[in-house]
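**Q**
In this note's numbering, the protein residues as written are 2 to 377.
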């Protein structure tokens, strides 16, 4: 027996067949398992899902809460593993993979790609693919790298796994959407997947004029009306002007509606003067709801679409006294009943509504003595 135990090669061979956890990673495994304890309060959800008496909507809510909780815990566990690898090196990851391979999963790979951790990505390529050949395709590795601007990871995946790296048109679309111009041009030169019209749409929505111009000059996918609609909502006047001059897709009434809701007066004015799509009552309604008085007055003075009762009700609810004053005193919109809205508005709004109510009482009953009501 002593001869066996003192023979290093024999002991190593024996240990290869034993299950267990390396003592160096035991504290990590304990911390990793403690994260699972956060799911224990939701154990009754799982039990309730097996009960036929639970209504369908309640069952759907329980399932949603369980799914989101499990996703959150998985992200926390994967983040913990990557932090440990950052502290203790690749040998730590190797030990974890040998004793708990299930912990080195696709979530870890996705997070490693997002953060540009090439060593962990290389570990998956060298070791994990032997047991899970499609792991890079499953997570859409190149798509993730492109969306997060990780050009070094893209190059590595392109060199090591050109046909099994999970690259689709979403790669260029995501790079354009997130403003990663260098990545976008690299994909255009080195990959054949191309992109879709969503690339220019999303670049326009983010205000990336240089990317919009490049896509226009170097790609043929074009864009849709969502390009100007989204750029207008975000207030990117320069992008909207350029698209109007160089593209033919145009826009919809959602452009002016969105610009009004977001409070971009310059954008609203430009669309009013240079585009013919107009807007809907949503423009005035949402501008009132958001308290954009300058936009509200411009629409009230220059547009004919009007508004709905939602405009006054939402302005009262959100405490926009100046907007309510404009609607009531300039546009003649009746003030809502004080009794209905007292519990839904702030003090300044309540005082204004009570003041207007008192004035109406005085005007309608000039021969009677009326005592003003004040908010205390």
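Beta carbons are placed, not taken as given, at the ideal position from N, Cα and C, and that holds for glycine.
All values reported here derive from a predicted model rather than from experimental measurement.
1. In whole angstroms, what is the alpha-carbon distance linking residue 182 and residue 108?
2. Tell me which same chain residues have a C-beta within less than 6 Å of the C-beta of residue 266, skipping the five on either side of it?
3. Which word fits residue 61, buried or exposed, when buried means at least 16 other C-beta atoms lie within 10 angstroms of its C-beta?
4. Determine the direct distance from the alpha carbon of residue 145 to that of residue 123, and round the result to whole angstroms.
5. How would you write the range of the alpha helix (DSSP H) that residue 134 sits in, first residue to last?
6. Please report the Cβ distance between residue 253 and residue 230, rounded to the nearest whole angstrom; I am assuming they are in contact, meaning their Cβ atoms lie under 8 Å.
7. Distance check for residue 156 and residue 142, CA to CA, integer angstroms please.
8. If you draw a straight line from the alpha carbon of residue 1 to that of residue 264, how long is it in whole angstroms?
9. If you draw a straight line from the C-alpha of residue 177 to the C-alpha of residue 170, how long is it?
10. Please classify residue 221 as buried or exposed, where buried requires at least 16 other C-beta atoms within 10 Å of its C-beta.
11. Helix, strand or coil, according to DSSP, for residue 140 in the structure here?
12. Rounded to whole angstroms, what's the CA-CA distance from residue 323 to residue 65? Just pull it up for me.
13. The alpha helix (DSSP H) spanning residue 31 covers which residue range?
14. Between 325, 76 and 271, which lies nearest to residue 293 when the distance is taken from Cα to Cα?
15. Taking just the CA atoms, how far does residue 167 sit from residue 131?
16. Please state whether the Cβ-Cβ distance between residue 233 and residue 256 is less than 7 Å.
17. Curious, which full-length alpha helix (DSSP H) runs of at least 4 residues does the region 78-121 contain?
18. Which class does residue 72 belong to by DSSP, given the choice of helix, strand or coil?
19. Based on Cα-Cα distance, which residue from 165, 334 and 77 lies nearest to residue 38?
**A** This is what the structure holds:
1. Distance from the CA atom of residue 182 to the CA atom of residue 108, rounded to whole angstroms, is 26 Å.
2. So the qualifying residues of the chain are 295 and 296.
3. The residue in question, residue 61, is exposed, as its Cβ has fewer than 16 Cβ neighbours within 10 Å.
4. The straight-line gap from Cα to Cα measures roughly 16 Å.
5. In the DSSP assignment, residue 134 falls outside any alpha helix (DSSP H) and carries neither an H nor an E.
6. In this structure, residue 253 and residue 230 form a Cβ contact; the two beta carbons are roughly 6 Å apart against a cut-off of 8 Å.
7. If you draw a straight line from the Cα of residue 142 to the Cα of residue 156, it is about 12 Å long.
8. The question about residue 1 has no answer here: the residues shown for the chain are numbered 2 through 377.
9. If you take the alpha carbons of residue 177 and residue 170, they lie about 11 Å apart.
10. Exposed, since its Cβ has fewer than 16 Cβ neighbours within 10 Å.
11. The DSSP-derived three-state label of residue 140 is helix.
12. Cα-Cα distance, rounded: 41 Å.
13. According to the DSSP assignment, residue 31 belongs to the alpha helix (DSSP H) that extends over 27-37.
14. Relative to residue 293, the option among 325, 76 and 271 whose CA is nearest is 325.
15. The C-alpha of residue 167 is placed about 17 Å away from the C-alpha of residue 131.
16. Their beta carbons are under 7 Å apart, which means residue 233 touches residue 256 by this criterion.
17. The region 78-121 contains these whole alpha helix (DSSP H) runs: 91-100 and 107-116.
18. Helix at residue 72.
19. The residue among 165, 334 and 77 with its C-alpha nearest the C-alpha of residue 38 is 77.
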